[in-house]
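K.L.:
Numbering (the UniProt record's numbering), first residue to last: 1 to 904.
Got a structure for you, questions after.
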């Protein structure tokens with residue numbers, strides 16, 4: 001049925017494209033202006049919610065007119081449909097008589113306005129509480145508020161209907177909002193509360209279970225105003241009374257009303273004049289009880305967040321009011337200054353301050369600092385002293401909580417107050433903490449006192465976290481020196497007057513005849529160990545002096561004789577901490593006090609059983625750096641070798657013994673240092689003038705005359721061919737390194753000289769002949785200088801043969817040098833460990849009628865002495881012998897004969 005013609009365009013119309021899904025493709029039906037309103041039907045004058053789109057080109061033509069019904073399933077989607085160019089949040093899709101339709105809006109605001117109208121209409125359909133025209137207006141069609149909801153009357157006979165209605169309405173956000181407004185407007189909770197008493201009088205357990213479910217649904221609506229009304233003085237007992245009968249536990253009944261109705265739990269140390277603040281305090285307490293007890297099992301995240309928010313804002317308002325109220329703080333702390341005041345009121349005052357400190361953790365840092373500063377100005381330290389010495393454990397817990405809250409926020413505030421106490425010659429707060437720590441039996445209080453003593457004595461006043469103690473941590477960076485003179489004075493006073501009192505149970509072990517402790521005595525050593533390790537890590541000089549003067553290591557060593565395993569673990573933990581510091585002072589102190597023996601005894605005694613104590617002992621020894629600390633390794637092996645050998649079935653101790661035996665008391669690092677020292681000495685001694693020592697030469701050292709000779713041209717060498725030279729090894733004697741035959745012998749054309757001996761490139765030189773005398777095989781004296789070669793000598797070789805030989809010898813020399821460099825690193829370490837290789841130096845000396853050692857350098861200079869051609873100065877060149885050629889090193893027999901080094 002067609003409606004009346006749509007009027008002309010108005011301001012509330014939204015520009016839109018209409019799409020229809022045909023054959024899996026979106027068909028564009030045109031662009032127009034969309035409105036959502038109620039249209040009056042002519043027959044029965046009823047109104048129906050409809051979405052109408054008027055054509056943009058033809059205003060009298062309707063592109064779309066669809067009725068909003070529950071079955072259509074309108075949805076607002078995000079994304080792009082087919083070839084639409086619309087942005088996100090601009091699509092509304094639905095199904096109209098089996099055909100998928102879509103509206104693509106030009107603007108997101110237009111889409112939101114149309115969707116708001118559609119959503120409200122569908123919510124009414126879901127509520128099913130009347131016709132579509134109930135409470136609706138044509139003028140405010142798209143901005144109309146949610147229609148009011150009519151709840152069933154609050155009676156015992158309608159409890160089932162009430163429960164179903166509340167459950168249905170709470171399924172959607174709009175339904176929850178409408179339901180919360182209806183409950184508040186009708187004061188529905190006050191109408192349900194009398195039904196609880198009536199059902200109890202009738203003993204109708206079913207009605208009580210329905211009431212419990214109804215109250216749970218009301219609270220879980222997550223409405224702030226509704227929850228505040230539920231915990232008000234008028235309604236709280238009835239609400240929690242209904243929730244005492246949980247249908248999940250039909251045979252049990254809670255006692256919430258009895259707990260909340262006990263007014264004795266609320267105590268005012270100082271009268272609070274503002275009634276509004278008192279109501280806030282009661283409301284906060286009930287909210288906490290509702291969150292932690294009543295709804296603890298069924299609480300969801302939204303309700304939990306709402307309850308926490310209410311509690312937080314109430315607490316901030318309460319603390320701010322009490323802090324800013326004139327005279328309130330003065331009256332509060334005046335309770336502790338009156339000697340005639342009752343102890344019960346002082347106890348309640350301490351607990352009240354504890355609760356204020358706990359609530360203040362939710363404040364902003366500036367407000368929290370002002371509150372703590374006001375506390376300290378009013379005299380908080382005497383209050384803490386009073387609480388710490390109180391016989392009631394709850395008061396002691398309250399005092400430690402107060403101290404911990406301030407130390408957690410700003411430790412300097414307490415340190416400054418303690419420094420003022422020291423200046424006044426009064427007993428500082430640390431003495432009270434120490435006295436309580438030594439006698440306290442509550443483990444929680446002991447832990448808090450331990451942390452307080454560590455924070456107060458921390459020299460790192462800047463607030464940066466101290467470096468953690470870990471294996472391999474650098475010792476120089478471990479200690480932090482405070483830049484605050486007050487903190488330094490405080491620490492100095494502590495070590496002069498209080499440290500002995502703190503560690504008195506540990507120092508008294510020296511005079512103790514046996515190591516038997518009762519349950520109250522043995523619990524303190526673990527806390528003292530934790531505190532002392534902290535002080536050692538942060539108080540450099542003072543802690544070392546205290547440990548050394550009082551023989552602390554030996555005192556902890558006495559605990560290893562106890563039967564209690566946890567006390568033995570305390571000692572092991574302390575020793576391990578000292579080892580991990582990597583400080584020679586503490587290592588030497590432990591060695592001097594011989595504490596390693598008792599630890600080894602403990603390990604031997606407990607090792608057959610794989611337990612925590614044996615594992616701790618093994619971990620202690622594995623944390624020792626034997627390679628880096630040679631003195632400690634020597635101390636262990638020289639004094640406790642038998643015990644370590646007895647533990648050699650463990651891989652770690654077996655490796656320790658093997659390393660010690662192989663190095664003969666020297667660790668690898670010592671050997672490396674000796675090698676490095678020898679190499680440095682060798683590098684310092686290198687040079688031409690140091691060749692006589694037999695040191696390893698890494699470069700060829702040639703004198704200027706020799707260099708000038710090698711630089712001469714080949715033409716000069718062809719015209720001037722002196723006798724050959726021979727390579728000598730050692731100091732003027734020794735067998736040649738390698739014996740070569742002449743090229744003429746290889747080619748079959750060699751010629752004998754005058755005495756029948758052929759021309760040899762390297763002629764052996766007798767080790768006993770000084771300065772290159774002729775060997776025993778060739779006793780003929782060398783010719784005088786300038787004497788031409790005899791006829792028996794080899795003829796001049798051709799230039800082509802000479803160049804070929806030069807290339808071959810250069811290749812051989814390059815291979816020799818490369819092999820030397822490749823083995824230089826390993827050769828250096830092998831020479832230092834084995835006592836050093838026999839190092840020789842060679843020289844080129846001229847012989848009679850001889851050819852140069854290279855075979856290509858004719859006319860080499862004559863050697864000095866008798867080795868050359870007649871008295872000319874001998875030219876020497878030092879060469880480097882690689883370690884891999886040690887098989888060719890020439891050694892001299894005692895009788896002066898030559899023999900080649902073995903090991904070909």
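Quick reminder that beta carbons are idealized off the backbone N, C-alpha and C, glycines included.
By the 10 Å Cβ neighbour count, where 16 or more other Cβ atoms means buried, how is residue 312 classified, buried or exposed?
P.N.:
Taking the chain shown and counting its residues from 1, one reaches residue 312 at position 312. Exposed.
K.L.:
When we look at the beta-carbon of residue 337 and count the other beta-carbons within 10 Å, is it buried (16 or more) or exposed?
P.N.:
Numbered from its first residue, the chain shown carries residue 337 at position 337. It is exposed - the Cβ of residue 337 has fewer than 16 other Cβ atoms within 10 Å.
K.L.:
Which class does residue 824 belong to by DSSP, given the choice of helix, strand or coil?
P.N.:
One-based indexing of the chain shown puts residue 824 at position 824. Here residue 824 scores only 48 on pLDDT, less than 50, and its place in the model is too uncertain to base an answer on.
K.L.:
Kindly give me the distance between the Cβ atoms of residue 560 and residue 598, rounded to whole angstroms, as I take these residues to be in contact under 8 angstroms.
P.N.:
Residue numbering aside, residue 560 sits at position 560 when the chain shown is read from its first letter. Residue numbering aside, residue 598 sits at position 598 when the chain shown is read from its first letter. That pair is a contact at about 5 angstroms.
K.L.:
Using a threshold of 8 angstroms, state whether the C-beta atoms of residue 392 and residue 347 are closer than that.
P.N.:
Taking the first residue of the chain shown as position 1, residue 392 is located at position 392. Taking the first residue of the chain shown as position 1, residue 347 is located at position 347. Yes; because the gap between Cβ atoms is below 8 angstroms, this pair is in contact.
K.L.:
To the nearest angstrom, report how far apart residue 375 and residue 405 are at their CA atoms.
P.N.:
One-based indexing of the chain shown puts residue 375 at position 375. One-based indexing of the chain shown puts residue 405 at position 405. Computed Cα separation, rounded: 12 angstroms.
K.L.:
Assuming residue 240 contacts residue 257 under a Cβ cut-off of 8 angstroms, what Cβ separation, rounded to an integer in Å, is found between them?
P.N.:
Working through the chain shown from its first residue, we reach residue 240 at position 240. Working through the chain shown from its first residue, we reach residue 257 at position 257. Between residue 257 and residue 240 the Cβ distance is about 6 angstroms, and since that is below 8 angstroms, they are a contact.
K.L.:
In chain order, what residues of the same chain lie with their CB nearer than 6 angstroms to the CB of residue 777, ignoring the 5 residues before and after it?
P.N.:
The sequence position of residue 777 within the chain shown is 777, counting from 1. Only weak support is given to the placement of residue 777: the predicted model assigns it a pLDDT of 41, under 50, and the value that follows is read from those uncertain coordinates. Excluding residues within five positions, none has a Cβ falling inside 6 angstroms.
K.L.:
Tell me, please, whether the stretch 14-21 touches the stretch 98-107 by the rule of three or more beta-carbon pairs shorter than 8 angstroms.
P.N.:
yes
K.L.:
Which of helix, strand or coil does DSSP assign to residue 49?
P.N.:
Numbered from its first residue, the chain shown carries residue 49 at position 49. Residue state, collapsed to three classes: strand.
K.L.:
Would you kindly work out how many angstroms separate the C-alpha atoms of residue 536 and residue 565, rounded to a whole number?
P.N.:
The residue you call residue 536 lines up with position 536 of the chain shown. The residue you call residue 565 lines up with position 565 of the chain shown. Roughly 24 angstroms between the two C-alpha positions.
K.L.:
With distances taken between CB atoms, is the gap from residue 318 to residue 353 smaller than 8 angstroms?
P.N.:
On the chain shown, position 318 is the one that residue 318 refers to. On the chain shown, position 353 is the one that residue 353 refers to. It is not a contact, given that the beta carbons lie outside the stated cut-off.
K.L.:
May I ask you to list the residues that DSSP assigns as paired with residue 20?
P.N.:
Here residue 20 refers to the residue found at position 20 of the chain shown. In DSSP, residue 20 forms a bridge with 27 and 101.
K.L.:
Is the beta carbon of residue 547 less than 8 angstroms from the beta carbon of residue 589?
P.N.:
The count along the chain shown starts at 1 and reaches residue 547 at position 547. The count along the chain shown starts at 1 and reaches residue 589 at position 589. Their beta carbons are under 8 angstroms apart, which means residue 547 touches residue 589 by this criterion.
K.L.:
How big is the Cα-Cα spacing for residue 541 and residue 498?
P.N.:
By 1-based counting over the chain shown, the position of residue 541 is 541. By 1-based counting over the chain shown, the position of residue 498 is 498. Cα to Cα, residue 541 sits roughly 17 angstroms from residue 498.
K.L.:
Helix, strand or coil, according to DSSP, for residue 39 in the structure here?
P.N.:
Mapped onto the chain shown, residue 39 falls at position 39. Reduced to three states, the DSSP call for residue 39 is strand.
K.L.:
Does the separation of the CB atoms of residue 620 and residue 650 fall below 8 angstroms?
P.N.:
Translated into positions along the chain shown, residue 620 becomes position 620. Translated into positions along the chain shown, residue 650 becomes position 650. It is not a contact, given that the beta carbons lie outside the stated cut-off.
K.L.:
For the beta strand (DSSP E) containing residue 93, name the first residue and the last one.
P.N.:
Here residue 93 corresponds to residue number 93 of the chain shown, with the count starting at 1. It spans 91-96 - the beta strand (DSSP E) in which residue 93 sits, taken as one unbroken run.
K.L.:
Rounding to the nearest angstrom, what Cα-Cα distance links residue 94 and residue 69 in this structure?
P.N.:
Translated into the one-based positions of the chain shown, residue 94 becomes position 94. Translated into the one-based positions of the chain shown, residue 69 becomes position 69. So the alpha carbons of these two residues sit roughly 11 angstroms apart.
K.L.:
Taking 8 angstroms as the threshold (C-beta atoms), are residue 157 and residue 193 in contact?
P.N.:
What you label residue 193 is simply residue 193 of the chain shown in a count that begins at 1. What you label residue 157 is simply residue 157 of the chain shown in a count that begins at 1. Cβ distance not < 8 angstroms, so residue 193 and residue 157 don't count as in contact.
K.L.:
DSSP beta-bridge partners for residue 361?
P.N.:
Position 361 of the chain shown holds residue 361. BP columns for residue 361 are empty, so no partner.
K.L.:
Should the stretch 168-183 be regarded as contacting the stretch 203-212, the criterion being three or more beta carbon pairs within less than 8 angstroms?
P.N.:
no
K.L.:
Note the first and the last residue of the continuous alpha helix (DSSP H) segment covering residue 291.
P.N.:
As a first step, residue 291 must be located in the chain shown, where it is residue number 291. Careful: residue 291 lies outside any alpha helix (DSSP H) and carries neither H nor E.
K.L.:
Taking just the CA atoms, how far does residue 491 sit from residue 614?
P.N.:
By one-based count along the chain shown, residue 614 stands at place 614. By one-based count along the chain shown, residue 491 stands at place 491. Rounded to the nearest angstrom, the two C-alpha atoms are 37 angstroms apart.
K.L.:
How is the alpha helix (DSSP H) around residue 488 delimited, first residue to last?
P.N.:
Taking the first residue of the chain shown as 1, we reach residue 488 at position 488. Run containing residue 488: 485-497, per the alpha helix (DSSP H) assignment.
K.L.:
What are the boundary residues of the beta strand (DSSP E) that residue 66 is part of?
P.N.:
Your numbering for residue 66 matches position 66 in the chain shown. Residue 66 -> beta strand (DSSP E) spans 62-67.
K.L.:
Which value, in whole angstroms, describes the spacing of the CA atoms of residue 343 and residue 611?
P.N.:
The residue given as residue 343 occupies position 343 in the chain shown. The residue given as residue 611 occupies position 611 in the chain shown. Taking the straight line joining both Cα atoms gives about 50 angstroms.
K.L.:
DSSP state of residue 783, grouped into three classes?
P.N.:
Working through the chain shown from its first residue, we reach residue 783 at position 783. Confidence in residue 783 is poor, its pLDDT being 45 and thus under 50, which makes the residue's placement unreliable; the coordinate value appears in the next sentence. The answer is coil: DSSP assigns residue 783 none of H, G, I, E or B.
K.L.:
Report buried or exposed for residue 574, applying the criterion of at least 16 other Cβ atoms within 10 angstroms of its Cβ.
P.N.:
Stepping through the chain shown from its first residue, residue 574 is reached at position 574. With 16 or more other Cβ atoms within 10 Å, it is buried.
K.L.:
State the start and end residues of the unbroken alpha helix (DSSP H) segment that holds residue 305.
P.N.:
Within the chain shown, the letter at position 305 stands for residue 305. Counting along the chain, the alpha helix (DSSP H) containing residue 305 begins and ends at 301-324.
K.L.:
Thinking C-beta only, is residue 188 closer than 8 angstroms to residue 154?
P.N.:
For this step, residue 154 is matched to residue 154 along the chain shown. For this step, residue 188 is matched to residue 188 along the chain shown. Yes, these two residues count as a Cβ contact at 8 angstroms.
K.L.:
Suppose you measure from the CA of residue 595 to the CA of residue 364; what does that come to, to the nearest Å?
P.N.:
Counting from 1 along the chain shown, the entry for residue 595 is found at position 595. Counting from 1 along the chain shown, the entry for residue 364 is found at position 364. About 52 angstroms.
K.L.:
If distances are taken between C-alpha atoms only, which option among 413, 63 and 220 comes closest to residue 937?
P.N.:
For residue 937 there is no data in the structure shown, the boundaries of the chain being 1 and 904.
K.L.:
Using only the alpha-carbon positions, how far apart do residue 429 and residue 408 sit?
P.N.:
The residue labelled residue 429 in the question sits at position 429 within the chain shown. The residue labelled residue 408 in the question sits at position 408 within the chain shown. Rounded to whole angstroms, residue 429 to residue 408 spans 17 angstroms at the Cα level.
K.L.:
For residue 459, count the other beta carbons within 10 Å of its own beta carbon; 16 or more makes it buried, fewer makes it exposed. Which is it?
P.N.:
Counted from its first residue, the chain shown places residue 459 at position 459. Under this definition residue 459 is a buried residue.
K.L.:
If you follow the alpha helix (DSSP H) that residue 589 is part of, which residue opens it and which one closes it?
P.N.:
Taking the chain shown and counting its residues from 1, one reaches residue 589 at position 589. From DSSP, the alpha helix (DSSP H) with residue 589 extends over 584-592.
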